[in-house]
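In this note's numbering, the protein residues as written are 105 to 356.
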Ligand code: PGA
């Protein structure tokens with residue numbers, strides 16, 4: 105059975121005190137919940153990672169970073185390395201998010217380097233893919249996602265890709281309040297799984313968690329997550345309030 109994952113991508117939000125409060129609220133809510141076969145991942149901004157890693161184990165959640173630089177150390181002002189993340193007990197890292205592709209010009213070559221660097225350090229990559237609205241309208245969404253996987257993910261060996269979590273995030277759904285319909289999510293997730301089966305094996309395809317992201321909230325999560333190929337969500341806006349986020353965690 106595949107692991108169910110709900111990951112909160114806080115993006116560039118919260119002051120230190122607000123972050124402290126949110127981590128504490130999520131921790132308190134998770135205390136009373138059974139988390140068998142469910143993983144909650146909090147991905148706060150870098151300066152707040154320690155707030156989360158400090159209590160992660162007892163609080164029943166894991167911690168992820170939102171970014172990484174693909175070198176171990178050196179003269180890369182402002183960047184954070186995978187070994188730094190490991191030393192802080194960060195277990196996951198988001199890469200390939202459409203905001204980083206768009207605002208920071210991250211190419212597929214760069215994403216490939218990041219993936220390799222994370223896997224070398226046993227950090228679980230949450231690899232994002234997804235089409236923009238004109239591509240969806242032109243019915244090119246399957247081709248676009250296939251290309252993203254081909255270019256940045258499918259160079260991995262079997263034992264490497266087995267560690268990866270994929271997040272399908274249609275760009276037109278991110279932060280817009282317009283989520284993909286459960287049918288749109290299911291057909292893309294099933295398509296991604298079929299690509300993994302073709303490239304690697306059916307067994308591997310059956311094991312890799314594929315999350316949905318894009319305006320997922322406590323109201324629509326249940327229907328989205330009820331699809332056989334949707335294994336959870338990567339949550340932006342709705343991860344910034346404990347009540348909303350926990351509502352999504354409870355949607356399985
Ligand atoms: P959203 O963002 O939930 O605010 O749409 C999702 C994401 O960007 O990961």
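Built from N, CA and C at the ideal position, the CB exists for glycine as well.
Treat the numbers as computed from the prediction; the structure is a model and nothing was measured.
Membership of residue 216 in the alpha helix (DSSP H) is indicated by the continuous run 212 to 224.
Around the beta carbon of residue 241, fewer than 16 other beta carbons lie within 10 angstroms, which makes this residue exposed. Setting aside the 5 residues that flank it on each side, residue 356 is surrounded in the same chain by 108, 142 and 329, each with a C-beta closer than 7 Å to its C-beta; the list follows chain order. Non-local C-beta neighbours of residue 170 in its own chain, meaning closer than 6 Å and more than five positions away in sequence, comprise 147 and 198, ordered along the chain. Of the other Cβ atoms in all chains shown, 16 or more fall within 10 Å of the Cβ of residue 253; this residue is therefore buried. Beta-bridge analysis with DSSP links residue 113 to 147. If you draw a straight line from the Cα of residue 338 to the Cα of residue 261, it is about 25 Å long. Contact fails between the region 228 to 238 and the region 185 to 192, because fewer than three Cβ pairs, one in each stretch, are under 8 Å apart. With a 10 Å radius around the Cβ and a threshold of 16 neighbouring Cβ atoms, residue 176 comes out exposed. Counting other Cβ atoms within 10 Å of its Cβ, residue 238 stays below 16 and is therefore classed as exposed. Boundaries of the alpha helix (DSSP H) harbouring residue 127: 120 to 135, taken from the DSSP string. In the same chain as residue 196, and ignoring 5 residues on each side of it, the C-beta atoms closer than 8 Å to its own belong to 111, 145, 147, 166, 167, 168, 169, 227, 228, 229, 230 and 269, in chain order.
Between the region 306 to 321 and the region 151 to 159, the count of C-beta pairs closer than 8 Å stays below three; the two stretches do not touch.
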